[in-house]
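Residue numbers (full-length UniProt numbering): 1 to 195.
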């Protein structure tokens, strides 16, 4: 009888890498398990909900005061539609904040007037969970030219396999991109297991 060596099978997930920020050593991955129709339906729900809230807002009602890390909805300049964002930085002097569009990975400056609070109880359950996630390179890793090139190649791939390496602490998962970025290790902040 042949005895096979036991190997640990770590969870994996297919994703599209849709945005890379070299300065911040981050990338944004969109999950392949969702179809394009899922994403369109999801964003249509968000847009219709926010549009109604925005139109019903009183003219003299003050703009909301965002906080760093807060998840809100913002109107995107190019198409005037509403999408979910995470606030990255704020500037109270200009009444503008820098936001990550969490379902696509874009980073934009948004005026406070173009922000809406999203009440999860009032929108479909599907809209409460991101369709993707940000991953940040570990401090011990260096984003050299070779790794940068591999991450750029990811943007051109149909999909990339991400392998989980375990939980680092509450809401923080360690992941790896096998055969891409030289198995560079990233961490993913998530309220759930990313797979």
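Note that the Cβ used here is the ideal one computed from N, Cα and C, for glycine as well. Computed from a prediction, not measured in an experiment: that's the story for all the values here.
Would residue 66 and residue 100 be called neighbours here (beta carbons separated by less than 9 Å)? Taking the first residue of the chain shown as 1, we reach residue 66 at position 66. Taking the first residue of the chain shown as 1, we reach residue 100 at position 100. No, Cβ-Cβ distance for residue 66 and residue 100 is not below 9 Å.
Whole-angstrom Cβ separation of residue 110 and residue 74, contact assumed at under 8 Å? Within the chain shown, the letter at position 110 stands for residue 110. Within the chain shown, the letter at position 74 stands for residue 74. The distance from the Cβ of residue 110 to that of residue 74 is about 4 Å, consistent with a contact at the 8 Å cut-off.
How big is the Cα-Cα spacing for residue 27 and residue 17? Here residue 27 refers to the residue found at position 27 of the chain shown. Here residue 17 refers to the residue found at position 17 of the chain shown. Residue 27 and residue 17: Cα-Cα distance of roughly 7 Å.
Relative to the C-alpha of residue 88, which residue among 60, 118, 70 is closest? The sequence position of residue 88 within the chain shown is 88, counting from 1. Checking every option, the nearest Cα to that of residue 88 belongs to 70.
Can you give me the C-alpha to C-alpha distance between residue 92 and residue 51, rounded to a whole angstrom? One-based indexing of the chain shown puts residue 92 at position 92. One-based indexing of the chain shown puts residue 51 at position 51. Residue 92 and residue 51: Cα-Cα distance of roughly 24 Å.
I'd like the span of the beta strand (DSSP E) that includes residue 67, first residue to last. Here residue 67 refers to the residue found at position 67 of the chain shown. Run containing residue 67: none; DSSP gives neither H nor E here.
Beta-ladder partner(s) of residue 89, from DSSP: The residue labelled residue 89 in the question sits at position 89 within the chain shown. Note: residue 89 sits in a beta bridge opposite 98.
Neighbourhood of residue 95 by C-beta, 7 Å cutoff - its chain only, sequence neighbours within 5 removed: For the purposes of this step, residue 95 is identified with residue 95 of the chain shown, where counting begins at 1. Result list for residue 95: 63, 111, 112, in chain order.
May I ask you to report which of helix, strand or coil DSSP gives residue 39? Sequence index remark: in the chain shown, residue 39 carries index 39 (1-based). Three-state result, residue 39: helix.
With distances taken between CB atoms, is the gap from residue 42 to residue 79 smaller than 9 Å? Within the chain shown, numbered from 1, the residue matching residue 42 stands at position 42. Within the chain shown, numbered from 1, the residue matching residue 79 stands at position 79. Not in contact: residue 42 and residue 79 (Cβ atoms no closer than 9 Å).
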